[in-house]
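To start, the structure under review is shown below, and the notes come after it.
There are 2 protein chains.
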Amino acid sequence: MMELTRKGDYAIRGIVYLASQPPNKISLLSEIAAAVDVPQTFLAKIFQQFSKTGIVKSFRGTGGGFLLAGPPEEITLLQVVEAVEGPILPNRCVLKAGECERDVSCTVHPVWHQVQQKVRGILANITLKDLATN
Amino acid sequence: MMELTRKGDYAIRGIVYLASQPPNKISLLSEIAAAVDVPQTFLAKIFQQFSKTGIVKSFRGTGGGFLLAGPPEEITLLQVVEAVEGPILPNRCVLKAGECERDVSCTVHPVWHQVQQKVRGILANITLKDLATN
DNA sequence: GGTAACAGGACTTGACAAGTCTTTTGCTGC
DNA sequence: GCAGCAAAAGACTTGTCAAGTCCTGTTACC
Chain A
1 MMELTRKGDY AIRGIVYLAS QPPNKISLLS EIAAAVDVPQ TFLAKIFQQF SKTGIVKSFR
61 GTGGGFLLAG PPEEITLLQV VEAVEGPILP NRCVLKAGEC ERDVSCTVHP VWHQVQQKVR
121 GILANITLKD LATN
Chain B
135 MMELTRKGDY AIRGIVYLAS QPPNKISLLS EIAAAVDVPQ TFLAKIFQQF SKTGIVKSFR
195 GTGGGFLLAG PPEEITLLQV VEAVEGPILP NRCVLKAGEC ERDVSCTVHP VWHQVQQKVR
255 GILANITLKD LATN
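Chain order of the listed sequences is A and B.
Take the first sequence: its position 57, counting from 1, is numbered 57 in my numbering, and each next residue is one higher.
If you want my numbering, it's the 1-based position in the second sequence plus 134.
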């Protein structure tokens, strides 16, 4: 249970690599993929999502590549994970109140809510600066 | 991410129903399945796992059925979830030290470990007595 | 305008979740 | 000991989604 998908795993590897580079050094997708040992086409999809959610900036054409959109200490692991895996939801009934069809008083509901809060809290406290190797 | 499977959902529903019954009242699978609105054949598989891990007792033949193996306040949500979903592992690299092939110093490793500990802690603190409706 | 790079969509493959069906095993009560 | 009840066990089906691949488009630089 609660396994991170390989996509999430790759995503973290890729962006940690970016965070470990010198500031303002643009990295090629091919370079990142080779460095973190991930299929380039697959990593491309992941970085497209990063680009859409705004945690990395992308540049096309000659001299193009990827760059962190902000300083590593301002990008959290929570942002990274949720960018590619979607929101952290231990159970469908956590989000919307009316979605827990079974019981009006779902006794399990608050437990999942607590799990969600704790996990998000942990991930939000870790930044790319903490994870970067240098 | 982190979604409980339907199997886990059904498992909780089923065992909470058991916990809500009078002590020592044996419940038929057909009765539980109808009460919690789960396909009986599927619930059968789930209760087989419960039986194997020892959190419920089963009796065959006439007058048979299922019973909690202990008092509701001594069975935790963690036991229930791990019985059907397997151990809680946010990432493959949490368990064995050598399994994190990529980097000798995997910086993300301790984060997942912390997540695992927190989640297990929360679930271990909830018992079936807390969840039973009566 | 040609080449370098990311963007986007369609497609494939395999695994696993979510069930179903059938047979076997064990228990109880006559 | 046999009839019938109820769980155990295994084989099978179906659908979805993860994990990729491939191809075409779009944008930027020179």
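No residue lacks a Cβ here, since even glycine has one placed at the ideal position from N, Cα and C.
Item to check | Cβ-Cβ distance between VAL172 (chain B) and GLY148 (chain B) below 8 Å | outcome: As a working mapping, residue 172 (chain B) is identified with position 38 in the second sequence. As a working mapping, residue 148 (chain B) is identified with position 14 in the second sequence. Yes. Within cutoff.
Next on the checklist: Give me the chain B residues within the contact set of PRO90 (chain A), using Cβ-Cβ distance strictly less than 8 Å, ordered along the chain.
Outcome noted: Along the first sequence, read from residue 1 onward, the residue named residue 90 (chain A) stands at position 90. Chain B residues near PRO90 (chain A): MET136, GLU137 and LEU138.
Next on the checklist: Using only CA atoms, which one of A:VAL81, A:LEU89 and A:ARG120 lies nearest to ARG6 (chain A)?
Outcome noted: Within the first sequence, the letter at position 6 stands for residue 6 (chain A). Nearest of A:VAL81, A:LEU89 and A:ARG120 to ARG6 (chain A), Cα basis: A:VAL81.
Item to check | Residues of its chain near ALA258 (chain B), where Cβ-Cβ distance is below 7 Å and the 5 sequence neighbours each way are ignored | outcome: Numbered from 1 along the second sequence, position 124 holds the residue referred to as residue 258 (chain B). Same-chain partners within the cutoff: THR210 and LEU212.
Item to check | Separation of PHE181 (chain B) from GLN155 (chain B), as counted between CA atoms | outcome: By one-based count along the second sequence, residue 155 (chain B) stands at place 21. By one-based count along the second sequence, residue 181 (chain B) stands at place 47. About 16 Å.
Checklist entry - CA-CA distance, THR267 (chain B) and THR261 (chain B)? => result Start at 1 with the first residue of the second sequence, and residue 267 (chain B) comes out as number 133. Start at 1 with the first residue of the second sequence, and residue 261 (chain B) comes out as number 127. Taking the straight line from one Cα to the other gives about 12 Å.
Checklist entry - Run through DSSP, which three-state label would LEU68 (chain A) get? => result Here residue 68 (chain A) refers to the residue found at position 68 of the first sequence. Note: LEU68 (chain A) maps to strand in three-state DSSP.
Checklist entry - Is the CB of VAL108 (chain A) under 8 Å away from at least one CB in chain B? => result Looking up residue 108 (chain A) in the first sequence gives position 108. So, interface residue.
Next on the checklist: Could you tell me the alpha carbon to alpha carbon distance between ASP264 (chain B) and LEU131 (chain A), rounded to whole angstroms?
Outcome noted: Along the second sequence, one-based indexing puts residue 264 (chain B) at 130. Along the first sequence, one-based indexing puts residue 131 (chain A) at 131. For ASP264 (chain B) and LEU131 (chain A), the distance between alpha carbons rounds to 39 Å.
Next on the checklist: Within 8 Å of any Cβ in chain B, is that where the Cβ of VAL115 (chain A) sits?
Outcome noted: Translated into the one-based positions of the first sequence, residue 115 (chain A) becomes position 115. Yes, its Cβ sits closer than 8 Å to a Cβ of chain B.
Next on the checklist: Run through chain A and tell me which residues come within less than 9 Å of THR175 (chain B), C-beta to C-beta.
Outcome noted: Taking the first residue of the second sequence as position 1, residue 175 (chain B) is located at position 41. Those within 9 Å of THR175 (chain B) in chain A number zero; the least Cβ separation is about 20 Å.
Checklist entry - Where does PHE176 (chain B) land, buried or exposed, given buried means 16+ other C-beta within 10 angstroms? => result The residue given as residue 176 (chain B) occupies position 42 in the second sequence. Answer is exposed; the Cβ neighbour count stays below 16.
Next on the checklist: Quick check on LEU152 (chain B) - is its C-beta less than 8 Å from some C-beta in chain A?
Outcome noted: The sequence position of residue 152 (chain B) within the second sequence is 18, counting from 1. Chain A contact via Cβ: absent.
Checklist entry - Taking 8 Å as the CB-CB cut-off, is GLU207 (chain B) touching chain A? => result Along the second sequence, read from residue 1 onward, the residue named residue 207 (chain B) stands at position 73. No - not a single Cβ of chain A is within 8 Å of the one on GLU207 (chain B).
Item to check | Touching by the beta-carbon criterion (3+ pairs, under 8 Å), the stretch 64 to 74 of chain A and the stretch 23 to 33 of chain A | outcome: yes
Next on the checklist: Here's the rule: buried if 16 or more other CB atoms are within 10 angstroms of the residue's CB, otherwise exposed. What is GLN116 (chain A)?
Outcome noted: Within the first sequence, residue 116 (chain A) is the residue found at index 116, counting from 1. Burial call: buried.
Checklist entry - Straight-line CA distance for LYS96 (chain A) to PRO90 (chain A)? => result Position 96 of the first sequence, counted from the first residue, corresponds to residue 96 (chain A). Position 90 of the first sequence, counted from the first residue, corresponds to residue 90 (chain A). Note that LYS96 (chain A) scores a pLDDT of 48, beneath 50, so its modelled location is shaky; the value from the coordinates is reported in the next line. In a straight line, the C-alpha of LYS96 (chain A) is about 13 Å away from that of PRO90 (chain A).
Checklist entry - Where does VAL190 (chain B) fall in DSSP's three states? => result Here residue 190 (chain B) corresponds to residue number 56 of the second sequence, with the count starting at 1. Strand.
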